[in-house]
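First the structure, in the form of structure tokens, and then the observations on it.
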Amino acid sequence: MKKRMTKSTAIISIATLVVVFVAAIGLILFNNYRRNQSIPISTPIINAEVAVSARLTNPATIDKPYLIDSAAGLKQQLKLSTLIGFNPDNQVLVGVVLAGQPTAGYSVVIDSTATRNNQVLINYRVTQPEEGQSHASIITYPQLFIALNRTDLPNFVPVHFVFTNLTDGATQTISKALGAE
């Protein structure tokens with residue numbers, strides 16, 4: 001009788017081990033799938049342009065990408081206490097501010113955002129003014145900010161936000177561990 005119980009116990013142990021193993025593999029595959037997907041692009045935060053333009057007096061603030069993941073970061077980087085359309089508790093604000101352009105009419109368009117393992121890929125392009133259109137002859141700083149939901153991003157690991165300008169092929173990277181405040 002003892003041998004039978006031992007065999008039963010062994011069979012149950014093996015079955016339990018197989019179930020746990022299959023569940024672990026399923027979880028790993030699901031997480032890998034989640035890490036290699038497109039991130040929904042939210043509506044661009046239009047009012048950021050007006051708010052940020054007034055703060056572009058320091059050359060160190062232009063021709064670079066931005067990553068803001070807290071209210072303190074919003075205040076420190078953009079000198080704003082709030083920004084309509086951005087909730088730092090649930091979202092991460094990413095944006096691009098270009099170097100000065102000779103006239104109005106230039107803009108930044110985000111083509112895609114996606115995750116690949118611990119990278120967030122943000123592809124954008126710069127559009128030029130249409131020919132024949134009249135534009136103000138003033139130096140402008142084209143920019144675009146979008147809010148990404150935190151649930152779409154990797155947490156508690158170093159995340160590399162890779163900004164690629166599809167117009168000229170330039171790439172800039174900002175790295176930060178989200179959720180590790």
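Per full-length UniProt numbering, the sequence shown runs over residues 1 to 181.
Don't be surprised by glycine CBs; every beta carbon is placed ideally from N, CA and C.
None of these values were measured; they are calculated from a predicted model.
Could you compute how far the alpha carbon of asparagine 149 sits from the alpha carbon of serine 175?
Looking up residue 149 in the sequence shown gives position 149. Looking up residue 175 in the sequence shown gives position 175. Whole-angstrom Cα-Cα distance: 17 Å.
Worksheet entry | glycine 73: first and last residue of the uninterrupted alpha helix (DSSP H) it sits in | Mapped onto the sequence shown, residue 73 falls at position 73. Here the alpha helix (DSSP H) through glycine 73 covers 71-78.
For this session: Give, in chain order, every unbroken run of the beta strand (DSSP E) that is at least 3 residues long and sits entirely within the UniProt domain "PrcB C-terminal" (95-148).
Result: Listed in chain order, the complete beta strand (DSSP E) runs (minimum 3 residues) inside the UniProt domain "PrcB C-terminal" (95-148) are 107-116, 119-127.
* Asked: Between the stretch 90-104 and the stretch 64-74, are three or more C-beta pairs nearer than 8 Å?
  -> Yes, they touch.
- prompt: Name the DSSP bridge partner or partners of serine 8?
  reply: Sequence index remark: in the sequence shown, residue 8 carries index 8 (1-based). Note: serine 8 sits in no beta bridge, so no partner.
- Query: Since phenylalanine 86 is in the beta strand (DSSP E), which residue starts that stretch and which ends it?
  - Reply: To locate residue 86, count along the sequence shown from 1; it is residue 86. That residue, phenylalanine 86, is in no beta strand (DSSP E); it is neither H nor E in DSSP.
message: Looking at the secondary structure, which residues open and close the beta strand (DSSP E) in which phenylalanine 156 lies?
response: The count along the sequence shown starts at 1 and reaches residue 156 at position 156. Where phenylalanine 156 is concerned, there is no enclosing beta strand (DSSP E), given that its DSSP letter is neither H nor E.
Restricting to Cα atoms, I'd like to know which of Ile122, Glu131, Ile146, Asn117 is closest to valine 157.
Reading the sequence shown from its first residue, position 157 is the one you call residue 157. Per the Cα distances, Asn117.
Nearest to valine 120 by alpha carbon, out of Leu166, Leu80, Val162?
For the purposes of this step, residue 120 is identified with residue 120 of the sequence shown, where counting begins at 1. Just measuring C-alpha positions, the residue of Leu166, Leu80, Val162 sitting nearest valine 120 is Val162.
| said: Considering only the alpha carbon of each residue, which of Ser8, Thr9, Ala147 lies closest to threonine 113? | reply: Translated into the one-based positions of the sequence shown, residue 113 becomes position 113. Per the Cα distances, Ala147.
Can you tell which of Thr151, Tyr141, Val126, Val159 has the C-alpha that lies nearest to the C-alpha of residue 183? The chain is shown from 1 up to 181; residue 183 falls before or after that span and cannot be answered.
According to DSSP, is serine 175 part of a helix, a strand, or is it coil? Working through the sequence shown from its first residue, we reach residue 175 at position 175. If DSSP states are grouped into helix, strand and coil, serine 175 belongs with the strands.
message: What residue range does the beta strand (DSSP E) around isoleucine 68 cover?
response: Taking the first residue of the sequence shown as position 1, residue 68 is located at position 68. Start and end: 64-68.
Q) Does the beta carbon of glutamine 172 come closer than 8 Å to any beta carbon on chain B? A) Judged by its chain identifiers, the structure shown contains no chain B, having just a single protein chain.
Write down the C-beta distance between isoleucine 139 and glycine 105 rounded to the nearest angstrom, noting that I regard them as a contact closer than 8 Å.
Numbered from its first residue, the sequence shown carries residue 139 at position 139. Numbered from its first residue, the sequence shown carries residue 105 at position 105. About 12 Å separates the two Cβ atoms, so there is no contact after all.
Original post:
Nearest-angstrom Cα distance between glutamine 133 and asparagine 123?
Top reply: To locate residue 133, count along the sequence shown from 1; it is residue 133. To locate residue 123, count along the sequence shown from 1; it is residue 123. Approximately 27 Å, taken between the alpha carbons.
Whole angstroms are fine: how far does the CA of phenylalanine 86 sit from the CA of leucine 153?
Taking the first residue of the sequence shown as position 1, residue 153 is located at position 153. Taking the first residue of the sequence shown as position 1, residue 86 is located at position 86. If I take the Cα positions, the gap works out to 16 Å.
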